[in-house]
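Trainee: The structure that follows is given in the form of structure tokens.
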Amino acid sequence: MSSAVVHDFQYESPSHQAQTAVAGMWLFLATEVLFFGGLILSWIYSRHWNQIGFDAGARETKLWIGTLNTGILITSSFTYAAGLTWIRAGNTRRLVQCLTVTLLLGVAFLALKFGLEWRDDFAKHLFPAASMFKITGAEEGGARLFFIFYFISTGLHGVHMVVGVALLLWIMQRARRGEFSALYHTPVHAVGLYWSFVDIVWLTLYPLIYLVGRG
Amino acid sequence: MWHPSARLLSRPGAASGDPQDQEQTVNAQLTRLLLAWLLLLLLGGAEFAVSFLPLTRPLRALVMIPGVLMVVTVAVAFMEVTRGPVLVRAFAVAAMLWLIILLGLGSADPLTRTEYYVPNVQVK
Numbered sequence: 000m001s002s003a004v005v006h007d008f009q010y011e012s013p014s015h016q017a018q019t020a021v022a023g024m025w026l027f028l029a030t031e032v033l034f035f036g037g038l039i040l041s042w043i044y045s046r047h048w049n050q051i052g053f054d055a056g057a058r059e060t061k062l063w064i065g066t067l068n069t070g071i072l073i074t075s076s077f078t079y080a081a082g083l084t085w086i087r088a089g090n091t092r093r094l095v096q097c098l099t100v101t102l103l104l105g106v107a108f109l110a111l112k113f114g115l116e117w118r119d120d121f122a123k124h125l126f127p128a129a130s131m132f133k134i135t136g137a138e139e140g141g142a143r144l145f146f147i148f149y150f151i152s153t154g155l156h157g158v159h160m161v162v163g164v165a166l167l168l169w170i171m172q173r174a175r176r177g178e179f180s181a182l183y184h185t186p187v188h189a190v191g192l193y194w195s196f197v198d199i200v201w202l203t204l205y206p207l208i209y210l211v212g213r214g
Numbered sequence: 000m001w002h003p004s005a006r007l008l009s010r011p012g013a014a015s016g017d018p019q020d021q022e023q024t025v026n027a028q029l030t031r032l033l034l035a036w037l038l039l040l041l042l043g044g045a046e047f048a049v050s051f052l053p054l055t056r057p058l059r060a061l062v063m064i065p066g067v068l069m070v071v072t073v074a075v076a077f078m079e080v081t082r083g084p085v086l087v088r089a090f091a092v093a094a095m096l097w098l099i100i101l102l103g104l105g106s107a108d109p110l111t112r113t114e115y116y117v118p119n120v121q122v123k
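Residue numbers (numbering that gives the first Met the number 0), protein chains in the order written: chain A, 0 to 214; chain B, 0 to 123.
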């Protein structure tokens, strides 16, 4: 659909339609900010009352995986934005190349997080509902709370990543069919906003989970 | 009316399809993105290093400062929030406003309380 001149009836022009779609994505992301805001508030509140336990929990996380995943997501946002730049110039081949790299980085993030880190956490009895929780004594209650936050927040972020990967595949398929051009690439732009937002969520979770409790 | 392609198309040569001008435009934008990526890596490194400073527990939240700058960098460089139409900026500002209200009001009690009620204890 090279819809440089085609638009749905309710819009006055193609640019009006594109603007509405992008604004709609921003509005959705605004609701997501509040969704994750509640999680961050729970971290502030729980850590305030359980600082020793939270710090003990944070010391059990795998810093190298969290740090590597941060670099991976930052790079994936960069490659996606580069792809958007290329399609704005009408270069579909470069767009697909950039999206392929972005997809591989996204899959690598998920593999490290759920294939390696979570599996290791379960093996080390760090799941908060485990009967033989690894951390005992005065720190146990706070550490269990920390790992409740850890599993829920990284799990929800992971769900968003999986949705992002599915959207990337959809965009790549449409790009390969030649549906995007310099004049029409609104879905590429909208999915890029989502992907960068998921990156932003991780940039917020990374210090809360891995860094603040160390030192 | 704003359009995602408006910036590119508004540049001389881009609309006319002049390959040389278009290449310059793309290169300039890719350079800007690359610089943003390098800045993000730098801020990430700073955040990582600061986390090992011997800060007291309440001060460890300061580790978040480079993280906040990274969020701003992604929003400006990759999401182009400052280049969008007024509506987009309004949504972004509204999201931040409500997040501040949520976190501010939600954490006001635990961060300011100085007296703690202990149930079932009579103070003489």
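Ideal Cβ positions, reconstructed from N, Cα and C, are used throughout, including at glycine.
Since VAL187/A is in the alpha helix (DSSP H), which residue starts that stretch and which ends it?
Mentor: From DSSP, the alpha helix (DSSP H) with VAL187/A extends over 185 to 205.
Trainee: Leaving aside the five residues before and after PHE35/A along the sequence, list all residues of the same chain whose C-beta is less than 6 Å from its C-beta, in chain order.
Mentor: Excluding residues within five positions, the ones whose Cβ falls inside 6 Å are VAL200.
Trainee: Would you say ARG59/B lies against chain A (beta-carbon separation less than 8 Å)?
Mentor: By this cut-off, ARG59/B is an interface position.
Trainee: So PHE90/B and LEU26/A are in contact, right, with Cβ under 8 Å, and what is the actual spacing, rounded?
Mentor: Indeed, because the Cβ distance is near 5 Å, the residues count as touching under 8 Å.
Trainee: Which whole-angstrom value is the C-beta distance of MET69/B and LEU39/B, which I expect to be below 8 Å?
Mentor: Between LEU39/B and MET69/B the Cβ distance is about 6 Å, and since that is below 8 Å, they are a contact.
Trainee: At a CB-CB cut-off below 8 Å, which residues of chain E make contact with HIS47/A?
Mentor: The structure shown contains no chain E; its protein chains are A and B.
Trainee: Check ILE134/A in the structure and name its three-state DSSP category.
Mentor: Residue state, collapsed to three classes: coil.
Trainee: Just tell me which of LEU72/A, THR69/A, LEU94/A has its CA closest to the CA of ALA81/A.
Mentor: Closest option to ALA81/A, Cα to Cα, is LEU94/A.
Trainee: For ALA174/A, count the other beta carbons within 10 Å of its own beta carbon; 16 or more makes it buried, fewer makes it exposed. Which is it?
Mentor: Under this definition ALA174/A is a buried residue.
Trainee: Comparing alpha-carbon positions, which option in PRO206/A, VAL197/A, GLU139/A, THR30/A lies nearest HIS156/A?
Mentor: Closest by alpha carbon: VAL197/A.
Trainee: How would you label ASN49/A, buried or exposed, when you count the other beta carbons within 10 angstroms and need 16 or more for buried?
Mentor: So ASN49/A ends up on the buried side.
Trainee: Can at least three beta-carbon pairs, one atom from the segment 204 to 214 of chain A and one from the segment 52 to 69 of chain A, be found at a separation below 8 Å?
Mentor: Result yes; three or more Cβ-Cβ pairs closer than 8 Å.
Trainee: Cβ of ASP109/A less than 8 Å from any chain B Cβ?
Mentor: The residue asked about is misnamed: residue 109/A is Leu in this sequence, not Asp. Closer than 8 Å: no.
Trainee: In chain order, what residues of the same chain lie with their CB nearer than 8 Å to the CB of THR99/A, ignoring the 5 residues before and after it?
Mentor: Cβ neighbours of THR99/A beyond the five flanking positions: MET171.
Trainee: Going by Cα to Cα distance, which pick from LEU42/B, LEU33/B, GLN28/B, THR113/B is closest to VAL67/B?
Mentor: When each option's Cα is compared against that of VAL67/B, the closest is LEU42/B.
Trainee: With burial defined as no fewer than 16 other Cβ atoms inside 10 Å of the residue's Cβ, what is the status of SER130/A: buried or exposed?
Mentor: Result: exposed.
Trainee: So HIS156/A is in the alpha helix (DSSP H); what residue range does that whole segment cover?
Mentor: It spans 139 to 175 - the alpha helix (DSSP H) in which HIS156/A sits, taken as one unbroken run.
Trainee: Which residues of chain A have a Cβ atom closer than 7 Å to the Cβ of GLU46/B, listed in chain order?
Mentor: Per Cβ cutoff of 7 Å: PRO206, LEU210.
Trainee: In the structure shown, what three-state DSSP assignment does PHE108/A receive?
Mentor: Helix at PHE108/A.
Trainee: For LEU54/B and PHE47/B, I'd like the C-alpha separation in whole angstroms.
Mentor: Looking at the two C-alpha atoms, the distance is approximately 14 Å.
Trainee: Just to check my reading of the structure: VAL25/B and SER195/A have Cβ atoms closer than 8 Å, yes? What is that Cβ distance to the nearest angstrom?
Mentor: Contact doesn't hold; Cβ gap of about 19 Å is too wide.
Trainee: Along chain A, which residues have their Cβ under 9 Å away from the Cβ of PRO84/B?
Mentor: Simply GLN18, VAL21, ALA22.
Trainee: Please classify TYR79/A: does DSSP put it in a helix, a strand, or coil?
Mentor: Looking at TYR79/A - three-state DSSP - the assignment turns out to be helix.
Trainee: Determine the DSSP secondary structure at GLU31/A, reduced to helix, strand or coil.
Mentor: Helix at GLU31/A.
Trainee: What is the DSSP secondary structure of ILE9/A, counted as helix, strand or coil?
Mentor: The amino acid at residue 9/A is misidentified as Ile; the sequence shows Gln. Correct three-state label for GLN9/A: coil.
Trainee: For a contact defined as C-beta to C-beta under 8 Å, what are the partners of VAL75/B on chain A?
Mentor: Residues of chain A passing the Cβ test: none, with the nearest at roughly 11 Å.
Trainee: Is any beta-carbon of chain B found at less than 8 Å from that of ASP7/A?
Mentor: Chain B contact via Cβ: absent.
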